[in-house]
Amino acid sequence: MNLPGGPLSGRLAAWWNGMPPRVRTGLVIVGCLVALSLVIPLLSPYDPQRGTGTDPLSPPSVPHLLGTDHLGRDVFVRTFVAARLDLLLAAVGVSLPLVVGTLVGSTIGSTRSRLVQYLGEVAIEGINAFPTLIVVIALIAAFGPGANSILVALFLTAWARYAKVARGRALTIRDIGYLHVARGLGYRWPRILAVHVAPNVFPTTISYAVSDFVIVILAIAGLSFLGAGVQPPTPEWGAMMSEGRLYLAQAWWLALAPGILLSITAVAVSLIASGRTEDAFTQSAR
Amino acid sequence: MPSRSRPADVATTDARRAHAARTAAQDLLAVDDLTIAFEGGAGRPLTVVEGVSLRMSAGGSLGLVGESGSGKTIFCRALLGTLDRHGARVVRGTLTYKGRDFGRASERVWRRIRGSEIAYVPQSSLASLNPVLTVAQQLTSVIRLTEEARGHGRTDLRRRALALLESVEIPRAEQVLDQRPIHLSGGMRQRVVIAAAIARSPSLLVADEPTTALDVRVQRRILDLLGSLRQRLGLALLLVSHDLAVIEEMCESVAVMYAGSIVEMGRREQIMSDPKHPYTDGLLSATIGSDGGREPIPGEVPNVGAWPDGCKFWPRCPLTRWLGGGSPRPECHSGERPSLRVVVGRSSACLFAEAMDGRPTIVAHGDGSGTP
Amino acid sequence: MTDEIRGCGIDVVFGHGGTAVHAVKGADVVVGSDEIVGLVGESGSGKTTLGRVLAGFQRPTVGEVRLNDKEVASARRDMSRRTHREIQMILQDPYTSLNPSQRAWECVAEVLHVCHGLSAVEARREAVQQLGQVGINPVQAQHFPRQLSGGQRQRVSVARALAARPRFLVADEPTSSIDQSAQAQVLRLLDVIRRERSLGILFITHDLRVVRHIAQRVYVMFKGEIVEADSTSHIFGHPSHPYTASLIEAIPGRRVRAEIIDTRAQA
Chain S
4 MNLPGGPLSG RLAAWWNGMP PRVRTGLVIV GCLVALSLVI PLLSPYDPQR GTGTDPLSPP
64 SVPHLLGTDH LGRDVFVRTF VAARLDLLLA AVGVSLPLVV GTLVGSTIGS TRSRLVQYLG
124 EVAIEGINAF PTLIVVIALI AAFGPGANSI LVALFLTAWA RYAKVARGRA LTIRDIGYLH
184 VARGLGYRWP RILAVHVAPN VFPTTISYAV SDFVIVILAI AGLSFLGAGV QPPTPEWGAM
244 MSEGRLYLAQ AWWLALAPGI LLSITAVAVS LIASGRTEDA FTQSAR
Chain E
3 MPSRSRPADV ATTDARRAHA ARTAAQDLLA VDDLTIAFEG GAGRPLTVVE GVSLRMSAGG
63 SLGLVGESGS GKTIFCRALL GTLDRHGARV VRGTLTYKGR DFGRASERVW RRIRGSEIAY
123 VPQSSLASLN PVLTVAQQLT SVIRLTEEAR GHGRTDLRRR ALALLESVEI PRAEQVLDQR
183 PIHLSGGMRQ RVVIAAAIAR SPSLLVADEP TTALDVRVQR RILDLLGSLR QRLGLALLLV
243 SHDLAVIEEM CESVAVMYAG SIVEMGRREQ IMSDPKHPYT DGLLSATIGS DGGREPIPGE
303 VPNVGAWPDG CKFWPRCPLT RWLGGGSPRP ECHSGERPSL RVVVGRSSAC LFAEAMDGRP
363 TIVAHGDGSG TP
Chain L
315 MTDEIRGCGI DVVFGHGGTA VHAVKGADVV VGSDEIVGLV GESGSGKTTL GRVLAGFQRP
375 TVGEVRLNDK EVASARRDMS RRTHREIQMI LQDPYTSLNP SQRAWECVAE VLHVCHGLSA
435 VEARREAVQQ LGQVGINPVQ AQHFPRQLSG GQRQRVSVAR ALAARPRFLV ADEPTSSIDQ
495 SAQAQVLRLL DVIRRERSLG ILFITHDLRV VRHIAQRVYV MFKGEIVEAD STSHIFGHPS
555 HPYTASLIEA IPGRRVRAEI IDTRAQA
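Chains as they are written, first to last, in our numbering: chain S, 4 to 289; chain E, 3 to 374; chain L, 315 to 581.
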């Protein structure tokens, strides 16, 4: 049987037009950033990790659009390689807690077992009470600085925040009609969670994740700036700003470029977050 | 140069003009070609109410029958001047109350007649009462707005509130005064809302599905209350409902609304026993039914923005197919929207209203009209 | 082959001691194959609770549910998963009874896949066809619940319930939240499936009008007790309990009341 569906371009166009202009602006900016961060490292003739022939600390000019740093490396290519890294780290730093937190929170919120509810709430509230920074410091002390330590530390503390959001949402649908029906049809727990609870909780937690992305990317850059995160010579915005700090008087472009791009990213994602992402997923406004 | 008219012509014209003046003076509410639209996405306005015309006289009762998607709720909002809160506005036509056109009036002008001239009873009493305030507080805040209550003290206001509750037949009114809405039953709450609505002695009461959320016996009592209030206070009642039986019981005149337009309008007895529009006929079969039970109308009400051309009912209409030998008559599905015209003493928007007798597809009514 | 589901001496009490609510008191109901039985009462009458007991969603405090004279649920025992499937429930609110993230065909296909082991492809094809039988065309079958009207959603709920091949259906006020002509469609649909599949349907409602032409028997419930149980024509013709009489008296519409009085006079 031939089942008709809408034309893809029609639905995409409708979705795009349904967004407020500021959200569209944010999406375009992020899209460009991602594209540039992938393309520029491929197109640039310069190696981000090595010095070029040019003098170190030379100002922006035609071959070196953002000048060179204190080791003679091209700042332009480094900035966008750093973009790729930062965006990736932040995406990972948000996605893992999102998935784990949503699944755990959904289970706790929709279960009828008092034991699971109790244990789950204790775990979530307990972990949320822990200051993230302490965990980060502990992990760095144990395993040394680096992107991995940051990600692990973030994950250990962040999943509980998502779980709390997910639990709250799951509670609102726990006694709702279609869940009763699912139980009445004899569906088992894994199916109920995967098909009936989680898909209706994810729009809420994804919305939360978009806002969280800004916090995470700033945390990564911040920790790297302080020397606890990504280590030189790997290009990373925070690390670049830290190096550039020493040369602010002579070569302001070293710190400014990554700083501006970081700010642009944060603002662009905030614009997307301001657009009620949850509703975009569920189109709940009738 | 106009020819000199004969005395008889002049007399008839005068008589006609006098009659028109009298009728116009009697009309409490006169709606003409009212068209309401939302600011749609992508800049195109979305019409939700199209070309609605109706009349109400002082103390009369008109029932507006419409299902969801008929535009009846938006129409009620237009009668209260709250369209702009919902992003809609009148794009065509007039809404005349006591001789003055309010269709495009400002909020300031509407505030003078909203509540004091035209009052509203909505479907959900919980949503229209403040959960934090007591019944007394809410009623006195309305009573304070009336002329007679200017400058009166709290005891006097409370006395008036008590009188109001008694006029809507609330038992133990003294106790109810100090309760909050959440502690009252649905029927009691609805009575409080009605009390607040009549507090300023309005001339027109617009009731939008006032009993739909209530149990049958409570519904009966509320309907009886509305009827008795109408008689006692000389209120005009515009009752909006999807329930044809409720409208049949309460209203002397009936207007049937489909997809934003009125398709038939006239006196209750005519509409109920001898409908001249296939939608009215279908509604009758589907709601009140005949001895054989309810007969559904096939298909669905078209969504706003996706209205068919010509007569909006044509995709679901058995009459057009019967007349066209199986396929719908071209006059029905192309061309302009049919407008209301007088057919057998009432108004119908069906191009083939006269053919409504003797058609085979529509179920027979309880009183035997129509053919099986 | 006629089946029968029976609720015997059902009591349902919520809470304890002074604040206990006696929702259902000593109710005896029976629904057989190929019949529609109305359960009529106003809010607080206990009709929904009784319906949920029969459908296995609520354990009775006292009493038992018997399917073909075999006990399937009681104060000590929840209904088994298998029996649960035999008695499906249609809920009142069409806006919360469908999973918003599932298309219409998906929720029916899921039942076919889980309960009858159909493959994904077969289940989809069969689901679209079964939706067609309740008046949902293939285009509408692709829609999410938010794109469907209240009446359409109720019909999807019916299709989902029927896909489990139940022997009984408990319909809890399925027409109360939808428009009149959509109501007629749902009522017609229930009558058709009753005949075609010999289902037994318990139709819970607060409005006697609704069951007048499709129910063969009616139970009238008031404050937790069944006050009258009789054939539909008797209930309307000669109501023996004053509460029933007051329910009939409350029916709006002069013509309907005139018809009822006429039929009464003829009887």
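For each residue, glycine too, the CB sits at the ideal point set by N, CA and C. Quick caveat: nothing in here was measured; it's all calculated off a predicted structure.
The beta carbons of Leu36/E and Val51/E sit closer together than 8 Å. Within the same chain, Ser55, Gly95, Thr96 come within 6 Å of Asp34/E by CB-CB distance, once the 5 residues on both sides are set aside.
The Cβ-Cβ distance between Val65/S and Ala260/S does not fall below 8 Å. With a contact defined as Cβ atoms closer than 8 Å, Arg76/S and Pro51/S qualify at about 6 Å. As the crow flies, the alpha-carbon of Leu69/S is around 21 Å from that of Val33/S. Contact annotation: Pro408/L and Gln494/L have beta-carbon atoms that are not nearer than 8 Å.
Put simply, the backbone Cα of Glu318/L is about 37 Å away from that of His457/L.
Shown here, Met190/E sits in a helix according to DSSP, grouped into three states. At a beta-carbon threshold of 9 Å, the residues of chain S lying near Phe371/L are His183, Arg186, Gly187, ordered along the chain. Its chain contains Ile153, Gly232 as the residues whose beta carbon lies nearer than 6 Å to that of Leu226/S, once the 5 sequence neighbours on both sides are disregarded; these appear in chain order. Only those residues of the segment 195-214 of chain S whose C-beta falls short of 8 Å from the nearest C-beta of chain L are listed: Val198, His199, Pro202, Asn203. Classified as exposed, Trp255/S has fewer than 16 neighbouring CB atoms from the shown chains inside 10 Å of its CB. For Met535/L, the enclosing beta strand (DSSP E) begins and ends at 531-536.
The continuous stretches of beta strand (DSSP E) do not include Phe228/S, which lies in the alpha helix (DSSP H) extending over residues 201-228.
Straight-line spacing of the CA atoms in Leu101/S and Arg481/L works out to 43 Å. Within the segment 489-505 of chain L, contact with chain E at the beta-carbon level (separation under 7 Å) is assigned to Asp493, Gln494, Ser495, Ala498, Gln499, Leu501, Arg502. Out of Arg331/E, Pro332/E, Ser329/E, Phe354/E, the CA that lies nearest to the CA of Ser341/E is found in Phe354/E.
Ranked by how close their Cα comes to the Cα of Glu487/L, the residues Val338/L, Thr363/L, Gly321/L, Ala341/L have Thr363/L in first place. The three-state secondary structure of Arg417/L, taken from DSSP, is coil. Here Gly301/E has Pro317, Arg318 as same chain residues with Cβ atoms under 7 Å from its own Cβ, once five neighbours each way along the sequence are excluded.
Among the CB atoms of chain L, none fall inside 8 Å of the CB of Glu109/E.
Residue pairing of Leu353/L in beta bridges, as defined by DSSP: Ile518/L, Tyr533/L. Arg116/E carries a strand assignment under DSSP once its states are collapsed to helix, strand and coil.
Contact residues of the segment 385-416 of chain L toward chain S are Arg395, His398, Arg399, Gln402, Met403, Leu405, Asp407, Thr410, Ser411, Leu412, Asn413, Pro414, Ser415 (C-beta to C-beta distance below 7 Å). In the DSSP assignment, the residues bridged to Tyr260/E are Ser263/E. Using beta-carbon distances, Val338/L does not count as an interface residue toward chain S, since no partner is under 8 Å.
For Val425/L, the chain S residues whose Cβ falls inside 7 Å of its Cβ are Leu188, in order along the chain.
Under the Cβ criterion (8 Å, minimum of three pairs), the segment 331-339 of chain L does not count as touching the segment 491-509 of chain L.
Secondary structure at Cys322/L: strand, using DSSP grouped into helix, strand and coil. By the criterion of a C-beta distance shorter than 8 Å, Tyr557/L is surrounded in its chain by Val534, Phe536, Val541, Glu542, once the five residues flanking it on both sides are discounted.
As for any alpha helix (DSSP H) of minimum length 4 sitting wholly inside the segment 185-237 of chain E, the runs are 188-200, 218-235, ordered along the chain.
Look at Ser63/E here: in three-state DSSP terms it is strand. Interface residue (Cβ-Cβ distance to chain S less than 8 Å): Val428/L is classified as such. Between the segment 448-457 of chain L and the segment 390-407 of chain L there are fewer than three C-beta pairs closer than 8 Å, too few to call the two in contact. Excluding five sequence positions before and after Ala242/S, the CB atoms of its chain that fall closer than 6 Å to its own CB belong to Ser227, Val233, Pro235, given in chain order. The three-state secondary structure of His335/E, taken from DSSP, is helix.
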